[in-house]
Each structure stands twice: as C-alpha cells, then as structure tokens.
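The next block holds one structure in the form of structure tokens; read it before the comments.
Protein chains: 4
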Amino acid sequence: MIVVMKPGATDEQVQHVIDLVRDYGLKDHPIYGSDRTVVACIGDKRAVDKGAIETAPGVERIVPILAPYKMASTEVKRERSQIAIGPAGFPIGGRKVGIIAGPCAVESREQLLRAADAVKAAGAVGLRGGAYKPRTSPYSFQGLGVEGLQLLAEARERTGLTVVTEVIGLEQIDAVAEYADVLQIGARNMQHYPLLEAVGETGKPVLLKRGMSATLEEFLLAAEYIINAGNKQVILCERGIRTFETHVRNTLPLASIPELNDKTHLPVVIDPSHGTGHAYMVPAMCKAAIAAGADGLLVECHPDPEHALSDGAQSLTPAALRDLTGVLRHIADAVGREL
Amino acid sequence: MIVVMKPGATDEQVQHVIDLVRDYGLKDHPIYGSDRTVVACIGDKRAVDKGAIETAPGVERIVPILAPYKMASTEVKRERSQIAIGPAGFPIGGRKVGIIAGPCAVESREQLLRAADAVKAAGAVGLRGGAYKPRTSPYSFQGLGVEGLQLLAEARERTGLTVVTEVIGLEQIDAVAEYADVLQIGARNMQHYPLLEAVGETGKPVLLKRGMSATLEEFLLAAEYIINAGNKQVILCERGIRTFETHVRNTLPLASIPELNDKTHLPVVIDPSHGTGHAYMVPAMCKAAIAAGADGLLVECHPDPEHALSDGAQSLTPAALRDLTGVLRHIADAVGREL
Amino acid sequence: MIVVMKPGATDEQVQHVIDLVRDYGLKDHPIYGSDRTVVACIGDKRAVDKGAIETAPGVERIVPILAPYKMASTEVKRERSQIAIGPAGFPIGGRKVGIIAGPCAVESREQLLRAADAVKAAGAVGLRGGAYKPRTSPYSFQGLGVEGLQLLAEARERTGLTVVTEVIGLEQIDAVAEYADVLQIGARNMQHYPLLEAVGETGKPVLLKRGMSATLEEFLLAAEYIINAGNKQVILCERGIRTFETHVRNTLPLASIPELNDKTHLPVVIDPSHGTGHAYMVPAMCKAAIAAGADGLLVECHPDPEHALSDGAQSLTPAALRDLTGVLRHIADAVGREL
Amino acid sequence: MIVVMKPGATDEQVQHVIDLVRDYGLKDHPIYGSDRTVVACIGDKRAVDKGAIETAPGVERIVPILAPYKMASTEVKRERSQIAIGPAGFPIGGRKVGIIAGPCAVESREQLLRAADAVKAAGAVGLRGGAYKPRTSPYSFQGLGVEGLQLLAEARERTGLTVVTEVIGLEQIDAVAEYADVLQIGARNMQHYPLLEAVGETGKPVLLKRGMSATLEEFLLAAEYIINAGNKQVILCERGIRTFETHVRNTLPLASIPELNDKTHLPVVIDPSHGTGHAYMVPAMCKAAIAAGADGLLVECHPDPEHALSDGAQSLTPAALRDLTGVLRHIADAVGREL
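Chains as they are written, first to last, in the working numbering: chain A, 717 to 1055; chain B, 717 to 1055; chain C, 717 to 1055; chain D, 717 to 1055.
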C-alpha cells in the first residue's frame, strides 16, 4: 500500500500518517520526492480497511499494491486448476473445451428432453436449465422448482450430460445439490456472501457468474469466499457487463480471458447468450471466445425460441447449435485445444 | 409493445408475427410505413416474455411501451406515499426532510453511543449502522451480529433515534426485524428476490438501495417485489452507480430524484457517502440532494474515521455533520421543505 | 511513479527496471516487501510515456503519482481564478453565481431576440446559442453560421448579455472571436487539440465542456492545452457523462464540483440541460448544482420548445426559467453565494 | 417514430400531438390501448428533430423507429463493400483478412524501417504509424509531422506495404493525403464533423475509429458524414469503449462485428492494441477478432517497446507479431477466410 500525501503536506501530517501506518501493524517507508511525499507501507494485512487512512489530514489518496484475494490467485498456486464435472468427470480447465448448452428455464418435460437431445447431438458435455429463476419482474415465470430439478436429472439419465443449474437462495441449496452436478451462482448473486459461503460448504463444483458491474478483482474475491469456505472447485463464468451500449443486452469483454488467466488458476467459461442478448450475435461470440482461450461455453438453446418462457431472444435453435459446434471444433484445433 | 420489422420483411413474416402476437393473447395493430412495417400490440400482459418474438424471421426488435412495474408506479397511485418510521413515527416522504446518519458498521458499544449522541445532536432522525456487513473480501470485518443489533437498540433507547440497519440474508431477518425500525436492503442484494419477498412479509418499513448498475426500472421492479409480497412501506435510496469515473467510488446521479418523483409515489433518500466514497465530497452532495428534492439523506458519520473498521474514507466527523446540518436547514427552507 | 513488480520477479528483472528508470532520467528507490517488490521513481518528468516500462519482464503495472497537468492545478496556483466575461466583466468564479441561458441553436432573428429578452428578464448574465452546430447526423440543421453570430451580437447590443457560443473548427475561430464574448468548446471537441491550442491563442475567455467520457484528469489536461497556449481564462463546464442509464441523455455527476474545486483553481459551471436531456429534470438539477457550489449554470431556454430545431426536449420555456431563478437565488444565499 | 403518451393523457393532449406531427410533415396513426395511447408517425424525415415533440403536454417519450443513417446502412445497399487499399489494391472487406501493423508513432527512420521490415515479414498488408499524434497531455511527444509522413512513404517504397496514418486536423489533410494510402480518423475525432467532411472530399480510403463512448448508431452517422461528402471508401475500426473496467485501457466489444455486419455494408477492422492497452492481452484478442469475423486488424508493433515514445505498454515485439500471425492464419481458415 502507498499513501500519497497532498502537495504541501506538513511534516506533522506525514508523521501522523506514519504513526497510523504503524498502528495498523504495517512497516512505513516514507519517500520524499520533488513534488510529493509518499509513504510506502510494507506488510500483508489484507483484512485492514486501508481506506480509513485517507481521512488523515494531508493525505491525497491510498494506492493498494497487493491484490486482496489470495487463494484464487496465481501468486499462491501457479498450475492451472482442472475441475471434474458430471457423471463422466469432464475436466474443465484442461486441453478440452467443454460446451454446456440448454434452455434458460426448464419449462416442461417435453421441452427439456428435446433440448437435451439436441445439446447431446451437438457434442456438448453439459446441460444447462433453470429450475429456480431469478426474474427482474415479480410477474414473470419463476421456474418449476423441484419438479424442474427432477426433469434435469431425468435428462442426465437419458443423455449422460452434466447438469448445471442455478441456486438462488440458501433455502434451495440442499435440493439443488441433490439433483445437480454443478451449482450455478447467477450474476445478481455474485456478491450475496451468505450464498457463496453456503455453496462453498457443499463440496459440489460451482459455476460462478461475474456480476454485471463487478470488477475482475471483485469477481475473484467472490471466488475467494467460496474457496475460503472449503471448496476449491470454482469455475468462473464471464457473461458480460453493463455499459452504455444499447444494441446488446450486455457488453461481452473477452479480454477477461487473458486477464483472468494471468491472475488466477481457475478455469474460465464464457456465456455469449447473456453476453449479447441476441441469438444472431451468439455464434460469432462463441467462436471468438474459444479463439481467445476460453475453457468452455455456456450457451442457451431452446427447441422453440419463439415460444420460450424466458430469454427466447438469445436462444439458438438446435440446428444453429449443431452447425456452430462444427466450426468451433476447427477453431479449438487452431489454438491447440480440442472440442 | 411495438414489434419493428426489418426493412424488406415479407408479408409472410409480418403475418407470422401477427399470429405470434395473437398466441400471446395480445391484439395486433399493424402499421405499414414507407420504409418499415411495425406491429403495435395492445393488451396488458406484463408476465409475457415479449423478447421471444424477436427471434421470429424478419423481426428487427421489440419496443416495450408499458413500464413493467405497476404498484410502485404513479399510474396506479398518484398521491405521494409517506412512510412513518421509528419510535416517533417520522414521516419520510412528507414536507420534512429526514437525516439518517451513523457509522458504516457497529464496532463497539463506545463507538456506537458516541456516534448516536453526535447524530442526535446534529438534528438527525435516524441512526444507521451495520450489524451484519456484506464485505467484498472474506478477510474484512463482517460485523458484530446480534450483539450489534442489541447495541443499536440501546442507542435508540438512549436517543430516541430510529434504527436503520441492513439485513443481508433470510436467516437474519427475524433477528433484525426484532431490533430494527427500518430494514435496509443493500445495493448488492437489490436483486436478491427471495430476500425482497421475505422483507415484504415482515410489515416493517424497508429502505431499498439501488443496485450499483441497476436501471431505475429494475430498481422499481425490486420495490414491486416487496410491495407484491404485501409491504407498501418502501423507501428508495439512491447510492450511486458504477461508471468509468475513478475519482469517486460511485457516480451519484441526482437526476434520479426528479425521475423517480415522476415515475413512482415512493419516497427517495440519497446516500452521498457511498455515492462519492470520499468525506470531502459528502457535504456538497448532501446540499445538492436536498436542493434537488430528496426526502432524506443517509450519511456515514464516525467518531474517529481514521480508525473506522470500514468505510472510514467516506465518514464525516461529528463536527462536520453538525456544521453541515446547519446549512442543510437553509437549503431545505429555500426549496419549501423543512429539516 | 511506482513500478509494481510481479510476485516472483527475479533480481535481474528488478535491476533491469532500475536501469530503465535511470534511462528515463528518474531516480529509483526500490522497496522490498514481503510479497512484492516495488520501485518508486522520483523526478518530475511529465513528458515521459511511463507506460513503456510496463512491458519490461517481471513488471505488473505502473502507478502514476503526480497529476499530469500542472498549470491548471492547485499545486501551482492555490487562489481560485476569477474570469471576467462580457461587456460588464462579470466575474465567473467569485461570490456571484452566473447564469447563462438561451436556445441550443440560433434559428432566426425573432427566436433569438425573444429568447434573449426572456433570459435577461430572468436575471441571467449570459446568452448562449449556437451559430455553428456539431450535429450527430449530417441531415440535421447545422446552424446559421455568420448570420447567427451577427444575431447574437445584436442580442447583446439590445440586452447587455454576455454572448457565449461554440466554435467547432479552426476555420471559424476568427469569425466567432469577432462576435462572441466567450468561446465555447463542445464536449465532442474536448480532445481536439489543434482547436484547443487555437482558442488558447485568441485571448478570449473559453468555456470548455467536459467530453462525455472524459475523466476529470483528461478534462484538466484539455484545459492545460489552452493555458499552455497562453490563455488562462478557462471556465470548466460539466455537462454529464455517458453511462448505462437510459432515462437521461447523460448522467450528471455533481461530485465533479467538489472534486474540481479540490484539484484546480479554475471556475466550474454546470449544464443541466445536456446533463439530463429532459426539461422536467432541469430545474431540480439547477438547484442541486448551485447547492453543490457551482460557479454558474448553462441552461437551454427556447421561446417555443415544441418547435425548436434542436434540443427542444431539454429546453425550458421562458416562464419556467423565470420561476426557477427565483428559487435559485434563495439556494445561493443558503450556501453563502449570490445570484 | 412512435409518440408514447402518459397514462391519463387527455384527448386535447393527444390531439395537440397529432397536430404537431402533421406540422412536422408526418402522417399520424393514433392507437388507443388499454393503459396508454401511442401515436405512430409515418414518413421518412430524418432531418426533423423529433425530440421537440417530447415537450408537448402529456407526452411521455418518443421512440424512433428508423435508423438515422441511410447510405451506410444495409437497407440501402445489401452487398458488402470492398475497399481497395494501397499500392497493391488489397481488398478490405473480401474473403482475405488484412493485417495492418506498426508503431504508435513514427519516432525515427531507423525505428520505422525496422518496424516496417518486421511487419512485412509477419505477413501484414499495411503499415500503421502516426506522424501527427493527438496526445492527452500537451507535454507528450506530438509526432514528427511531415518528416514522419516522408519516412512512411520511404517504408512503403521499401516494403510495398499500404501506409495508414492519422489526420488530426483540417490543416494537415493535404500533406497526409499526399503521402498516405489510407487516412485514419482517430477515436477522439470521430465526431469532429468538419474533419469528416474534409476527408470525405479527398477521395482516399478512410479508416474511421469508433469514439470511445460512441454508440454504433453514432459511429455509423460519422461514417454517413464521410459518405455524404462523396467518399464511399470507409473502413470502420472498433477500438474499444470506455467502461468501468480498470484492468484494461478500453473494453473491446467484439459483438460490434456481428452487429455492424447486420446494419452496414462497410468493412470492419479491430484494434486490439487500444482495445486492451496491454501487450499480453493483444494476441488473444487478435485471435478472437478474426474468429468473430473481422475483416482486418490494426495492431501496434514496435521494435523496442520498452523505449517507445508512446503506447509502449500495448505494443507487440516483432517476434510476438510473427508468432501470432501463424495462429491467425489457422483461425481465418477455420471460419472460411484467408490471411
């Protein structure tokens, strides 16, 4: 941490900061420049709220140096994590790229099984589908609940696909963990810390979505909550951020892939469906994601998008998904991966 | 809702959209312009996921017309809501402007009582302070829990101030509701729907903070969840949004005040502490908020900001708060309100 | 400047950075922490592109310490600048708050004179109005050009108001400088450096608008270009930034006022018309701006907004402006200023 | 255009809007829904500032239906444009993907020729390099001017590469057009309309960069200015947008590629150097861009990034560029293109 003093800060003010720094258990290291004095602080105190020093007289700002996450970082673990998911133990984070596809919500037995068959036929390894849906409006379809979970389990039985489904509150964790292979934490819950701790205690792989306005540092701190609760099986999912752009539902920043690969050992999958919001953009962004080094994709696919109860506008048809995976295979090959 | 067809959409495509619109229980009203055909859809179906129609061939986009919230809107209730809070039943949303101040977190009995006395002396009506703290890092101070709630109750006993404190999960609702006068939903939980429904069932006034990347429509839909669960006592709190600006913790958009006053009957309070992140900006933004028509303020005040366990950088000292309220009184008067 | 090394950076890498730092004419000051090494660099080399050091092996990032602007900063000049504008030499940046109002564009003699009379009657000191309009679409009204400038001069003659009008390119500077009292640089031109230098050479006061995605640092660097070209008479104008919000044309961040007052001696005026885009929000934001400490306002006012050739949606009527200034006078008084 | 009336708008208010719509030369088409009245307006009046109608009593908002650009749109021209650039007439927008690489700024003869040789050896078709540099700070290196242009011409002579260089003001257009093959308009000048019109009159191909907070609609309107001035040879360049993300210089939204391909016939190239700001992210984003369907890349490459006078942090070394193009060739092949 570096404390930057204001121009013209007095000796008393600098000394007061030095005293505060020592109070906080850090070692001070003042540097007197031509225009400014800065006080470098040495010591690994991630728990200290360093911001408080900013209010001391003569302080201009505080510059943190250490990333506040630890177990998620490449500082602590350099080899990349591989996380085995589903009945076949598919390793997310290895050479193979895993595709997880399916409808936004489980709507009915017929819809889900048709989707699952299409997803399987397209060469995917996982089936996504929400049984509990966090909906922006209280008047929207909220999911089938346990019945949806049972249908997902039936689809797994039938196809061998890994089941990935969202848990939206503490009270559903047991049910979801009973039926699902991977517990998904949605973007809106990325900073719901009690939920992060609870899924951290289940021992099931967790697919953690980036909050729509979370920095990557906050994203990794959310992963840190899960790891800190005892669960190292965290898969990060970039699903787009909120920006001023209006032609997309979210802006999908694929530079998250090289950046996360630099900062963390956890695998990274991309969700181009939420990341764009429009089916006609999804194939291009799936291709781009794999070219950029994604470890997997999360894609919405619905047997009848025009009648989907949610997210129809961003769902691929089964035929579109099948055509797409053919191209993705070649791209994976071009970047030394395998689909 | 308006369905905008692409240029060159065929008659069959337009007819297919008309059929879909009728399937959805809406009345179609096609308009054939010089360059485009649009299909206006009549009917109040807030539950329908209209987005799905976007995937029909020849459709360019969907333009919603009705706001998706209802009970929170001025369409349904035109007179402004007043919400009585605390032991004295102070009416938030009336002529009087209410100031709620206090530390970010309850840290100790001494800290809280000193803060409460200062807040009272400055003329505030409410005491804020977190007993449960949602912290970005798992290594940060997480609050005193029930002990913190008991200290807040003691401070209320001593000062008569209304206690406003955050509930971060379903499992603490009973405890918080037992001690607090107003339940606060933090920005990170604005879209945690199970929590919204649960506070909606308590019957206690709720202070709902805007999520840091929520649109005002999403904000009002979150309020709608609470009202829909049976609780009309919702106070909206603008606390700043995430933008590209780096000299502030959040960008505080005070135009939310006139906009919310136009769209909803619910009262609006402003949090300039989170809305800026730096104590030296807080007084200017408190003044601006009241001038713009805020019904109240939520301000962080700590007896010793330099040693605060959280949010020290944005906390006013007791002296600064007292000086500020003097000026605020004159501004309230200038805009026909009273402090 | 601080160079932060990656965890595990080797001694050779640190030494290479030290060598680079010395190459750049800076003094190195390495600090060896428990987890990281950082190299503090002492010396005032604002011209050096410090970013290049980031590519050296083992470097994680560069943290600048000094603000890159100088003459605009309070480091160099502590007393606030007052800039005398117009026939009466009204001092922007002093105790008095100056209101500059008028139509977006000069459309006709009748429209402008009606507007000027209304603006004068409302107690404003300046008349705004574009003779050259930078329009997003090539098909929109582009302004009356020199004829517009002559009408502005006629309005000044008639009312005594200061004329503020935009210059959009080098080729109009002479004409605009001949007729106008204050040269406005629009948001889209904030980083058009040849234009900044050219207005810097005119010796006329300049009203510089913040670019819609400019940081305050970039804003002050744009001011620095003008000052560096020999013209200290720069008035900063916050007109809102582009964010994800859609209910406003721009998000108006009033915390710019205390922040700019802390970092620069230049006066700050606020444009709530562009800062919101909707006339019904403008009065609230005018009040807020003055309460927050603005030195002036730039407000659009049109005698017939429904038929305005540009920006009608955000223009006040003459009656609305007159009502507003009455309240503004009281708010200015409450914060120790005068209208 | 659709005018949405407020709930409870009176018949007089609706009639007044209808009158206004007719004043504006449009045909009205009112629709009376259960909750709202909307007035659809038929007619192609791109020049009308429709916003003014918003201020009429009882109006809630205006929804435009037609895109405001025309000649740039696929409505008017469906087949994709190919733009021949440089001595060899390389067709940007065809099956072949064109790579344009080189230093941010021309710094010296030796630097430029080394860069040009490396760029040529890596298989690129164009050489980029600024002779006039728009720099955020007045104290930064501003380019070599005409001498830089002459060095670029020498490098073209030597390598056969197409020269792409920026024009930052009207006064340099003649000089730049004399030496360069493609005139670049930088992001900061995307809305400098006099400059757009001037390059529109040169007849040289123009590479137009997206402004860092421009919507795609504004981007296409900027292209429309150039086309409207008589020059159809516009190459669009996505270079990233400003968002809340801080680990990148800009957020690079690759979904611009499928979106622009849907809305315009103009070719699209991607600049991953400015689009990320850090050399270690550039290769991943180059791969992603080609996989997503980009027609070309604009990449910074410097023989000695550690000593670059500008943008060193985001410049590839010659070796890194050569390795990258090998992979890009395979990806282009996977998506049916050719490098």
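Don't be surprised by glycine CBs; every beta carbon is placed ideally from N, CA and C. Computed from a predicted model, the values in this text were never measured in an experiment.
Cutoff 7 angstroms: residue i Cβ touching any chain D Cβ
i, result
"Thr967(A)", "yes"
"Thr852(C)", "yes"
Cutoff 7 angstroms: residue i Cβ touching any chain B Cβ
i, result
"Arg926(D)", "no"
"Leu782(D)", "yes"
"Ile734(D)", "no"
"Ile747(D)", "yes"
"Thr771(A)", "yes"
"Lys1003(C)", "yes"
"Leu843(C)", "no"
"His963(C)", "yes"
"Glu954(A)", "no"
"Leu865(C)", "no"
"Asp765(A)", "yes"
Residue-chain proximity (residue i, chain F), Cβ-Cβ < 7 angstroms
i, result
"Ser750(D)", "Included in the structure are the protein chains A, B, C and D, with no chain F among them."
Assigned secondary structure, residue i (DSSP; H/G/I helix, E/B strand, else coil)
i, result
"Leu860(B)", "coil"
"Glu961(C)", "coil"
"Gly842(C)", "strand"
"Glu1042(D)", "First, the amino acid is wrong: residue 1042(D) is Gly here, not Glu. Helix at Gly1042(D)."
"Gly741(B)", "coil"
"Gly814(C)", "strand"
"Pro969(A)", "strand"
"Pro746(C)", "strand"
"Leu923(B)", "strand"
"Leu1058(C)", "No answer is possible for residue 1058(C): it lies beyond the span of chain C, which begins at 717 and ends at 1055."
"Glu826(C)", "helix"
"Val719(C)", "strand"
"Val1051(D)", "coil"
Any C-beta of chain C under 7 angstroms from that of residue i
i, result
"Ala971(B)", "yes"
"Arg738(A)", "no"
"Ala756(A)", "yes"
"Pro999(D)", "no"
"Arg958(A)", "yes"
Complete runs of the beta strand (DSSP E) confined to the stretch 750 to 810 of chain C [at least 3 residues]: 753 to 758, 775 to 779, 799 to 801, 806 to 808
Cβ pair count under 8 angstroms reaching 3, the stretch 795 to 803 of chain A against the stretch 954 to 961 of chain A: no
Touch test, the stretch 812 to 828 of chain B against the stretch 847 to 864 of chain B, Cβ-Cβ under 8 angstroms, three pairs minimum: yes
4 or more residues per run - each alpha helix (DSSP H) lying fully within the stretch 976 to 1035 of chain A: 998 to 1007
Residues, ordered as in the chain, of the stretch 889 to 912 of chain C that lie near chain D by beta-carbon distance below 7 angstroms: Arg904, Asn905, Gln907, His908, Tyr909, Pro910
Stretch-stretch touch, CB-based, cutoff 8 angstroms, three pairs: the stretch 1022 to 1033 of chain D with the stretch 782 to 793 of chain D: no
Residues from the stretch 975 to 992 of chain A in contact with chain B, defined by Cβ distance under 7 angstroms: none
Contact between the stretch 965 to 972 of chain C and the stretch 938 to 951 of chain C (3+ Cβ pairs under 8 angstroms): no
Against chain D: residues of the stretch 937 to 949 of chain C by CB proximity under 7 angstroms: Leu937, Glu940, Tyr941, Asn944
Touch test, the stretch 898 to 909 of chain C against the stretch 920 to 927 of chain C, Cβ-Cβ under 8 angstroms, three pairs minimum: yes
Contacting positions in the stretch 1040 to 1054 of chain C - beta carbon closer than 8 angstroms to chain B: Val1043, His1046, Ile1047, Asp1049, Ala1050, Val1051
Residue ranges of each beta strand (DSSP E) within the stretch 873 to 901 of chain B, 3 or longer: 878 to 882, 898 to 901
Near-chain B residues of the stretch 1026 to 1040 of chain A (beta-carbon distance less than 9 angstroms), N- to C-terminal order: Ser1026, Asp1027, Gly1028, Ala1029, Gln1030, Ser1031, Thr1033
Cβ-based contacts, 9 angstroms cut-off: residues of the stretch 784 to 806 of chain D near chain A: none
At least three beta-carbon pairs within less than 8 angstroms, the stretch 742 to 752 of chain A to the stretch 1000 to 1018 of chain B: no
Selection of the stretch 870 to 889 of chain D by Cβ proximity to chain C, strictly under 8 angstroms: Ile884, Gly885, Leu886, Glu887
contact_flag[the stretch 900 to 916 of chain C, the stretch 883 to 897 of chain D] where n(CB pairs < 8 angstroms) is 3 or more: yes
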